[in-house]
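Engineer: Here the sequence shown is numbered in the numbering used here, starting from 1107 and rising by one per residue.
A virtual CB, placed ideally from N, CA and C, is assigned to each residue, including glycine.
None of the values given here were measured: they were computed from a predicted structure.
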Amino acid sequence: MIVQKNVSLKPYNTFGLDVNAGFLAIVDSADDLDEIYQTGRFRSQKKMVLGGGSNILFTHGFTGIVAKNEIRGVSIQKESSDDVLVAVGAGEDWHQFVLWSVERGYGGIENLSLIPGTVGAAPMQNIGAYGVELKEVFHSLEAYEIKSGKTVTFFREDCHFDYRFSVFKGELKDQFVITKVFFLLSKNPTFNITYGAIEETLEQMEEKPSLKSISQAVINIRQSKLPDPYDIGNAGSFFKNPIIEKLHFEALEAQFPNIKGYLVGDDEVKVPAGWLIENAGWKGYREGDIGVHDKQALVLVNHGMGRGKDIYRLSNEIRRSIEGKFGIELQREVNVI
Ligand code: EPU
1107 MIVQKNVSLK PYNTFGLDVN AGFLAIVDSA DDLDEIYQTG RFRSQKKMVL GGGSNILFTH
1167 GFTGIVAKNE IRGVSIQKES SDDVLVAVGA GEDWHQFVLW SVERGYGGIE NLSLIPGTVG
1227 AAPMQNIGAY GVELKEVFHS LEAYEIKSGK TVTFFREDCH FDYRFSVFKG ELKDQFVITK
1287 VFFLLSKNPT FNITYGAIEE TLEQMEEKPS LKSISQAVIN IRQSKLPDPY DIGNAGSFFK
1347 NPIIEKLHFE ALEAQFPNIK GYLVGDDEVK VPAGWLIENA GWKGYREGDI GVHDKQALVL
1407 VNHGMGRGKD IYRLSNEIRR SIEGKFGIEL QREVNVI
């Protein structure tokens, strides 16, 4: 296992924040995890696991050891005329796996094209976009139990998936390292183009729905709205879309007739945080090198030399302002260190 001392994490977080790790270990097997967690070698060090670094805000450096998950491999486990069970190493790049599936005609994750990050991080927060969530194609996962060093299998119902949530963010937080994820993909996929922008984009592209065209439409939409971390540091949506009581939403609608919301169940409404932040005047806001993206107000950005603690402070200012104007408490989606 390669372990480097005192390393900048700038290339390892999509905000592009220049903070240091005491140690950086490149992990590509359960044996490497054993070396970190079970042998005495790093006993006195704090430890954290990093995937693609695309959902994390470092407000300071990390004095302990950062384990970069690079466990690889994509293999078909089982196949029938209808579907295919694929096992994917947690360190594989999510979008490359989507392209691999689309290329072979395996459907279910085409709407999740171009989401930054690794395969192992995907179930962690049940990634979702354009009307599809990871849990719909999730079969099971293998995870390394930090305490015992054993590999444990989790099936869908064990993961307690919810909107941007799983048990690994809740009661099992910091207890497991996801090492392998199993997906059940369809050979006769039904396309999900209900999310308005996909249908429109396919029309503009003059393409009929197919795995490839839907994937490309999603790529086009994302590229038009979301900043590419290679150009402008960011971690995608910084906040979750809040779910509020219907009565609260109706009161807001009377005051702000253009407000958007989607019914969740019978008496709750999910409100796009991007709309709230834009309508509180923050879209395109810039202060030095940090700010709010000018095409999607839900995305906080680092234009170059920004600092994590300033982004964190800005996120608190935004939260206060949304609370004051709309009486809604925004929850962060990114993990803050
Ligand atoms: N909106 C605004 N102003 C903005 C941004 C959005 O008014 O600055 C409005 C849009 O007009 C639209 C609504 O908000 O009516 C929803 O916008 P959009 O379709 O861009 O999606 P979102 O709700 O802002 C969510 C996910 C994204 C995902 C998209 C597409 C969350 C927190 N975010 O964003 O996920 O790509 O839907 O499905 O649920 C991420 O998690 O990092 C992420 C990018």
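#1: Would you be able to state if there are at least three C-beta pairs under 8 Å between the stretch 1170 to 1185 and the stretch 1357 to 1376?
#2: So, helix, strand or coil for K1389, using DSSP?
#3: With three or more beta-carbon pairs closer than 8 Å as the criterion, would you say the stretch 1418 to 1436 touches the stretch 1344 to 1353?
#4: Answer with buried or exposed for N1112, where buried requires no fewer than 16 other C-beta atoms within 10 angstroms of its C-beta.
#5: Taking G1302 as part of the alpha helix (DSSP H), name the residues at either end of that continuous run.
#6: Residues in its own chain within less than 8 Å of V1140 by CB, not counting five upstream and five downstream?
#7: Can you tell me the Cβ-Cβ gap for P1315 and I1299, rounded? I've got them flagged as a contact below 8 Å.
#8: Less than 8 Å separating the Cβ of I1424 from some heavy atom of the ligand EPU?
#9: Please state whether DSSP places V1243 in a helix, a strand or coil.
#10: By Cβ distance, which residues of its chain are closer than 7 Å to T1224, with the 5 residues on each side in sequence left out?
#11: Alpha carbons only, please: which of G1179, V1208, G1213 is nearest the one belonging to D1188?
#12: Under a three-way DSSP split, which group does M1154 fall into?
#13: Less than 9 Å between the beta carbons of F1267 and K1241, yes or no?
#14: Select from S1321, P1295, N1294, T1296 the residue whose C-alpha is nearest the C-alpha of T1307.
#15: Compute the distance between the beta-carbons of I1233 and L1220, then report whether it is under 9 Å.
#16: So, with DSSP's three-state summary, where would you put Q1322?
#17: For R1270 versus E1439, is the C-beta spacing smaller than 9 Å?
#18: Among P1335, L1115, I1142, which has the Cα closest to the Cα of P1222?
#19: So the candidates are A1173, V1190, V1155, F1297; which of them puts its Cα closest to the Cα of M1230?
#20: So, under 8 Å CB-CB, S1272 and T1259 are touching, yes? Tell me the CB distance rounded to an integer number of Å.
#21: Please list, in chain order, all residues of the same chain as N1326 whose beta carbon is under 7 Å from its beta carbon, the five residues on each side excluded.
#22: For V1194 and F1289, which I take to be in contact (beta-carbon distance under 8 Å), what is that distance rounded to the nearest angstrom?
#23: Compute the Euclidean distance between the alpha carbons of I1412 and T1296, then round it to the nearest angstrom.
#24: With C-beta atoms as the reference, is I1396 less than 9 Å away from I1383?
#25: The ligand EPU and W1381: does the residue's C-beta get closer than 8 Å to at least one heavy atom of that ligand?
#26: Going by DSSP in three states, D1373 sits in which element: helix, strand or coil?
#27: When DSSP labels each residue in this structure, what does F1168 get in the three-state scheme?
#28: Which same chain residues, not among the five before or five after E1216, have their C-beta less than 6 Å away from its C-beta?
#29: Does the beta carbon of W1200 sit closer than 9 Å to a beta carbon anywhere in chain C?
#30: So the candidates are E1356, F1355, K1153; which of them puts its Cα closest to the Cα of K1253?
#31: Measure the alpha-carbon distance for K1331 versus Y1301 and round it to whole angstroms.
#32: What would DSSP say about E1185, mapped onto helix, strand or coil?
#33: Check whether the Cβ of Q1402 sits closer than 8 Å to any heavy atom of the ligand EPU, and report yes or no.
#34: Report, in whole angstroms, the separation of the C-beta atoms of I1162 and N1441, which I expect to be a contact under 8 Å.
Structural biologist: Reading off the structure:
#1: The stretch 1357 to 1376 makes no contact with the stretch 1170 to 1185, as fewer than three CB pairs between them are under 8 Å.
#2: Secondary structure of K1389 (DSSP, three-state): coil.
#3: When Cβ pairs closer than 8 Å are counted between the two stretches, the stretch 1418 to 1436 is seen to touch the stretch 1344 to 1353, the count reaching three or more.
#4: By the 10 Å Cβ count, N1112 comes out exposed.
#5: Segment 1302 to 1311, the alpha helix (DSSP H) holding G1302.
#6: Residue identity differs from the one stated: residue 1140 is Asp in this sequence, not Val. Spatial neighbours of D1140 in its own chain (CB-CB distance under 8 Å, excluding positions within 5 residues in sequence) are listed in chain order as G1255.
#7: Their Cβ separation, rounded to whole angstroms, is 6 Å, which keeps P1315 and I1299 in contact under 8 Å.
#8: No, Cβ of I1424 sits at least 8 Å from all heavy atoms of the ligand EPU.
#9: The three-state reading of DSSP puts V1243 in coil, since its state is none of H, G, I, E or B.
#10: These residues qualify, in order along the chain: G1157, G1158, N1175, A1196, G1197, E1198, D1199, W1200.
#11: Of G1179, V1208, G1213, the residue nearest in Cα terms is G1213.
#12: Under the three-state reduction of DSSP output, M1154 falls in the strand class.
#13: Yes.
#14: If we check each option's Cα against that of T1307, S1321 comes out closest.
#15: No, the Cβ-Cβ distance between I1233 and L1220 is not below 9 Å.
#16: Helix, per DSSP.
#17: For R1270 and E1439, yes; Cβs fall inside 9 Å.
#18: For P1222, the nearest C-alpha among the options comes from P1335.
#19: Nearest C-alpha to M1230: V1155.
#20: Actually they are not in contact, since the Cβ atoms of S1272 and T1259 sit about 15 Å apart, beyond 8 Å.
#21: T1307, listed in sequence order.
#22: At roughly 7 Å, the Cβ-Cβ gap stays under 8 Å, so V1194 and F1289 are in contact.
#23: Contrary to the premise, residue 1412 reads as Gly rather than Ile in this sequence. Computed Cα separation, rounded: 43 Å.
#24: Going by beta carbons, I1396 and I1383 fall outside the 9 Å limit.
#25: Correct: W1381 has its Cβ closer than 8 Å to the ligand EPU.
#26: Coil at D1373, not helix or strand.
#27: In the three-state DSSP reduction, F1168 falls in the strand class (E or B).
#28: Excluding residues within five positions, the ones whose Cβ falls inside 6 Å are V1208, L1317, I1320, S1321.
#29: The chain labelled as chain C is not found in the depicted structure, where only one protein chain is given.
#30: The shortest C-alpha separation from K1253 is found at K1153.
#31: Distance between the alpha carbons of K1331 and Y1301 is about 15 Å.
#32: In the structure shown, E1185 falls within a strand segment according to DSSP collapsed to helix, strand and coil.
#33: Inclusion of Q1402 in the 8 Å shell around the ligand EPU follows from its C-beta lying nearer than that to a non-hydrogen atom of the ligand.
#34: Contact between I1162 and N1441 holds: their C-beta atoms lie close to 5 Å from each other, under 8 Å.
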